[in-house]
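Enquirer:
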Amino acid sequence: MDGIKEHLTAIKSRLPESVTVVAVSKFHPAEAIMEAYDAGQRAFGESRAGELAAKAQALPSDIDWHFIGHLQTNKARTVVAHARFIQSIDSERLLRLIDSEARRAGKTVDVLLQFHVAREETKFGFLPEELVTLLESGIAEELTGVRIRGVMGMASNVDDEERIAADFRAIRGTFDLIKAMSLPGLGLFDTVSMGMSGDYPLAVRLGSTMVRIGTTIFGEREY
Ligand SMILES: *Cc1c(COP(=O)(O)O)cnc(C)c1O
């Protein structure tokens, strides 16, 4: 755990203050989270519902939990109970489910729509034209349990920096396109979550407003 505070400080010193750092704490113990917490970090990211619930119940209540993993519908209620921000909305069905669970719990949850990078092997997320169609339908105004804050994406898992840059440009470009449409209900559309340990400096240069960093803060995960 040694060095968590130093790693966080080093990362933040290299980023504009306007960029939010989400410390991805999945698979890391409560003590590691507390070390970051004691250094002032409040936004943490988890990718499994059960792990999120256990940590949220054990750790300080002012932690700002972000859910970043693939979310199965039977876990939606658990995640809504603990996360303020759900970054991994990958279907209209899941968006509507989170909305109804949030309303049931008397909450409003911030969400990001997950961008599907077409060349990536994963099947999760929206293609750019699907995102535009969904938002043009007026869904942001219709759903009152969620605030659609922006998009989240991952670059292709490759070493080719040009290709990673192209993915980030596509994510930011789609965000800008939607933002420029000034759709009703999207007044808070302000977040582009892209960039992880291996590529966050590039992501920030290409317009990220929120980075999700695990390994560089906490070290390697032991699965
Ligand atoms: C695990 C994870 C991260 C953090 O990855 P690192 O390479 O450890 O920084 C970021 N985003 C998502 C969606 C993840 O699942």
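Mapping of the sequence shown onto the numbering used here: position 88 corresponds to residue 88, and the numbering continues sequentially without gaps.
Backbone N, C-alpha and C define an ideal beta-carbon position, used for all residues, glycine too.
Buried or exposed for L186, going by 16 or more other Cβ atoms inside 10 Å?
Expert: By the 10 Å Cβ count, L186 comes out buried.
Enquirer: May I have a chain-ordered list of the beta strand (DSSP E) segments no shorter than 3 residues that lie completely inside the stretch 136–177?
Expert: For the stretch 136–177, whole beta strand (DSSP E) runs of length 3 or above, ordered along the chain, are 146–153.
Enquirer: Verify the contact flag: M210, CB atom, against every heavy atom of ligand 1, threshold strictly below 7 angstroms.
Expert: Incorrect: M210 has no Cβ contact closer than 7 angstroms to ligand 1.
Enquirer: Measuring only the C-alpha atoms, how far is G214 from V24?
Expert: Rounded to whole angstroms, G214 to V24 spans 4 angstroms at the Cα level.
Enquirer: Please classify L52: is it buried, with 16 or more other beta-carbons within 10 angstroms of its beta-carbon, or exposed?
Expert: Buried.
Enquirer: Rounded to whole angstroms, what's the CA-CA distance from I178 to V132? Just pull it up for me.
Expert: About 7 angstroms.
Enquirer: Can you tell which of E142, I63, S88 and F126 has its C-alpha closest to the C-alpha of R103?
Expert: Closest option to R103, Cα to Cα, is E142.
Enquirer: Given 7 angstroms as the limit, tell me if K55 has its C-beta closer than that to any heavy atom belonging to ligand 1.
Expert: No, the Cβ of K55 stays beyond 7 angstroms of every heavy atom of ligand 1.
Enquirer: Is any non-hydrogen atom of ligand 1 found closer than 7 angstroms to the C-beta of T144, if you look at the structure I gave you?
Expert: The answer is no for T144.
Enquirer: Does DSSP classify G50 as helix, strand or coil?
Expert: G50: helix per DSSP, three-state reduction.
Enquirer: Considering just the uninterrupted stretch of the alpha helix (DSSP H) at I11, what are its terminal residues?
Expert: Looking at the DSSP string, the run of the alpha helix (DSSP H) that includes I11 is I4 to S13.
Enquirer: Report the start-end ranges of each alpha helix (DSSP H) in the stretch 85–113 that is 4 residues or longer and not cut off at the edges.
Expert: Within the stretch 85–113, the complete alpha helix (DSSP H) runs of at least 4 residues are 92–104.
Enquirer: Using only alpha-carbon positions, find the residue among A165, F67 and G145 that is nearest to F85.
Expert: That would be F67, whose Cα lies nearest to the Cα of F85.
Enquirer: Strictly by DSSP, which residues pair up with R212?
Expert: Answer is V22, bridged to R212.
Enquirer: With distances taken Cα to Cα, identify the nearest neighbour of I11 among T108, Y200 and H28.
Expert: Cα-wise, what sits closest to I11 is Y200.
Enquirer: Find the nearest neighbour of D90 within the set F115, T78 and D99, judged by alpha-carbon distance.
Expert: Minimum Cα distance to D90 is reached at F115.
Enquirer: So, using beta-carbon positions, are H82 and A105 closer together than 8 angstroms?
Expert: No, they are not a contact pair.
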